[in-house]
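Residue numbers (this note's numbering), protein chains in the order written: chain H, 423 to 565; chain G, 6 to 407.
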């Protein structure tokens with residue numbers, strides 16, 4: 423089976439190095455980006471198996487990248503795991519607000535991980551996301 | 006109706022009425038004293054302290070209405086019941102205007118008397134209750150205000166602690182992450198992991214050092230030790246100190262000193278720390294600059310000392326860095342807000358502002374996203390420290406020429 427490619431989008435260098443190391447030493451291939459704009463470009467060019475996305479980033483932030491991913495027919499089936507500093511309440515609230523104005527609501531993220539991230543929790547979340555993808559083929563398909 | 010016994014004063018020129026009323030009222034359980042005239046009534050009023058006065062309206066000498074007015078003037082809490090004969094209705098109504106409790110008509114029936122006294126009693130007890138409530142209320146307000154002030158202080162403290170906790174959590178996250186990467190390097194004999202892990206740990210230890218220094222400076226900023234000093238001196242010192250660092254980062258550091266400045270009463274060490282903070286920020290802003298479109302080609306930080314109307318001296322730190330939008334500019338002086346992501350502690354600028362305010366000075370900022378930022382520190386002409394009037398300084402308008 424091909425090595426899974428995982429796109430990491432985080433503005434903090436420390437986080438990118440840490441996440442890359444965790445993934446690389448567990449048999450995945452990490453690809454990193456510093457911001458949402460590059461993240462989208464990278465996602466289009468490499469079609470990663472999963473995306474780890476930091477919610478809080480300067481500039482356009484993780485929310486905009488999430489919206490761009492989930493409204494793009496080519497990208498919206500890629501599972502996204504959101505990385506947050508303060509739990510997932512504010513992001514899901516924001517997502518609900520965005521969805522209120524959309525004819526086809528965006529799917530929720532495959533999972534949330536709260537900082538500081540424990541390597542085992544991260545790996546378990548990845549495995550869970552992959553198993554969901556395998557079972558129904560598209561975890562984030564619209565309802 | 007059950008009521009507490011009162012002391013009553015009966016005022017009537019007719020001895021028969023005084024006797025009958027005395028017996029009736031004593032039967033009801035009250036203490037009774039009597040007066041023949043208004044003048045006598047006023048004397049007894051002072052000695053016996055009755056709570057209720059029953060007075061005839063028509064009396065030789067001082068009449069009932071005049072007595073009522075006098076009692077209400079000198080003893081406003083005493084209830085006065087007027088006794089009227091037939092055809093005295095106008096006077097009775099007039100007495101109500103002068104705050105009589107009630108009036109009863111002669112011949113006086115026991116029931117009417119009882120009702121009038123019950124009404125007076127009710128008014129007395131209501132007034133006592135009200136007084137007790139008012140006193141209680143004052144105590145209550147004092148207590149609640151004390152608690153509110155305390156709560157507000159605790160809220161501010163809690164906010165500061167939460168901010169600090171967040172900063173420390175970030176650093177400890179970085180340290181844990183660094184340790185993980187380093188361990189993988191050791192485990193797998195992987196050079197790159199070793200180096201990256203070690204760099205992460207070093208960087209986060211450095212952040213911890215900065216944080217503790219910032220906190221220490223914040224503690225120091227609550228007290229300043231001013232002395233006469235030329236304002237150019239701290240500027241020159243900090244310029245000399247920062248020049249090598251700026252040069253190594255490729256930033257042009259420039260110093261422009263005014264030679265028209267007087268000696269200023271300032272804490273040169275504290276002001277130096279402020280300049281260091283602002284110049285450090287300016288350099289960081291320049292390093293962040295190229296990311297934003299339209300950033301200036303030359304990365305430059307200028308330190309100026311200037312004169313300004315109404316002030317003894319002005320320090321100005323200008324950079325051609327990233328600049329700030331309105332929203333950011335409004336938050337920068339808040340504690341634990343940082344524009345530098347995990348690099349900043351959000352304490353430096355808060356400390357600088359506090360120091361400037363301790364000097365009775367002002368700090369303002371002019372900034373535009375992508376164009377750069379100017380910080381101005383205005384120091385007052387102050388020879389007697391602690392002069393409160395110095396806080397009322399003319400405010401300068403914020404301008405930005407781009």
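Positions of the beta carbon are idealized from the N, C-alpha and C atoms, including for glycine.
What in chain G is Cβ-close to residue 439/H, meaning under 7 Å?
Neighbours of residue 439/H on chain G, chain order: 186, 201, 205.
How do the segment 427-434 of chain H and the segment 474-490 of chain H stand: do at least 3 beta-carbon pairs fall below 8 Å, yes or no?
yes
Under a CB-based cut-off of 9 Å, is residue 613/H close to chain G?
Here chain H has residues from 423 to 565 only, and residue 613/H is not among them.
Pull up the distance between the alpha-carbon of residue 362/G and that of residue 542/H, whole angstroms please.
50 Å
Residue 546/H to residue 424/H, Cα distance in whole Å?
19 Å
Please identify, using Cβ separations under 8 Å, the residues of the segment 426-453 of chain H that lie next to chain G, in order along the chain.
433, 434, 436, 437, 439, 440, 443, 444, 447
Beta-carbon separation of residue 56/G and residue 83/G under 9 Å?
yes
Taking only beta-carbon atoms, is residue 507/H less than 9 Å away from chain G?
yes
Is residue 297/G helix, strand or coil by DSSP?
Any reading at residue 297/G must be qualified, since the residue scores a pLDDT of 45, below 50, and its modelled position is unreliable; no value is offered.
Along the chain, where does the alpha helix (DSSP H) that runs through residue 186/G open and close?
115-193
Cβ distance (whole Å) where residue 322/G is taken to contact residue 306/G below 8 Å
7 Å
Is there at least one Cβ from chain H nearer than 9 Å to residue 215/G's Cβ?
no
Roughly how many angstroms lie between the CA atoms of residue 32/G and residue 26/G, to the nearest whole one?
Whole-angstrom Cα-Cα distance: 10 Å.
Using alpha carbons as the reference points, say which of 499/H, 532/H, 526/H lies closest to residue 505/H.
532/H
Compare the C-beta of residue 365/G against all C-beta atoms of chain H and say whether one is closer than 9 Å.
no
Report yes if the CB atom of residue 79/G is closer than 9 Å to the CB atom of residue 50/G, and no otherwise.
yes
Strictly by DSSP, which residues pair up with residue 61/G?
Paired residues: 88/G.
Residues in the same chain with beta-carbon distance under 7 Å from residue 129/G, minus the five sequence neighbours each way, listed in chain order, please.
56, 84
Would you mind telling me which residues of chain H sit closer than 9 Å to residue 193/G, beta carbon to beta carbon, in chain order?
447
Let me check understanding here. Comparing Cα to Cα, which of 127/G, 167/G, 319/G, 185/G lies closest to residue 11/G?
127/G
Would you say residue 541/H faces chain G, with C-beta separation under 9 Å as the test?
Taking CB atoms only, residue 541/H has a neighbour in chain G less than 9 Å away.
Could you give the DSSP three-state label for residue 514/H: helix, strand or coil?
helix
Sequence-distant residues of its chain with Cβ nearer than 6 Å to residue 104/G (five each side left out)
77
Which of helix, strand or coil does DSSP assign to residue 305/G?
strand
If you pair each beta-carbon of the segment 208-215 of chain G with each one of the segment 171-180 of chain G, do three or more pairs fall below 8 Å?
yes
For residue 358/G, which residues from the same chain have a beta carbon less than 6 Å from its beta carbon, with the 5 sequence-adjacent residues on both sides left out?
Correct list, in chain order: 338, 368.
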